[in-house]
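Numbering (our numbering), first residue to last: 94 to 153.
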Amino acid sequence: MSIEEFARELMVLVGLRRRMAALWLAERREAEQLLRRRAEELRRTPGYWQNVYAFFGPGR
Numbered sequence: 094m095s096i097e098e099f100a101r102e103l104m105v106l107v108g109l110r111r112r113m114a115a116l117w118l119a120e121r122r123e124a125e126q127l128l129r130r131r132a133e134e135l136r137r138t139p140g141y142w143q144n145v146y147a148f149f150g151p152g153r
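What follows is the structure, encoded as structure tokens:
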């Protein structure tokens, strides 16, 4: 294998790795957005803050 071939193979691998990292980041960002949205929905649910206070409040 020549130096040029080796360099080409290396570039392909680096490109694949970058694409995988980009996909992973996109999926993670999407998951974080979904979690944030779900948390917002929960906070707007009636009785949410009473439950939080009952769980973390005094008397525990």
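Beta carbons are placed, not taken as given, at the ideal position from N, Cα and C, and that holds for glycine.
Everything numeric in this text was worked out from a predicted model, so none of it was measured.
Query	Result
Is Gly150 helix, strand or coil by DSSP?	coil
Check whether chain B comes within 8 angstroms of Arg131, counting only Cβ atoms and requiring the distance to be less than that.	This model lacks chain B altogether, as it is built from one protein chain only.
Terminal residues of the continuous alpha helix (DSSP H) containing Gly108?	96 to 137
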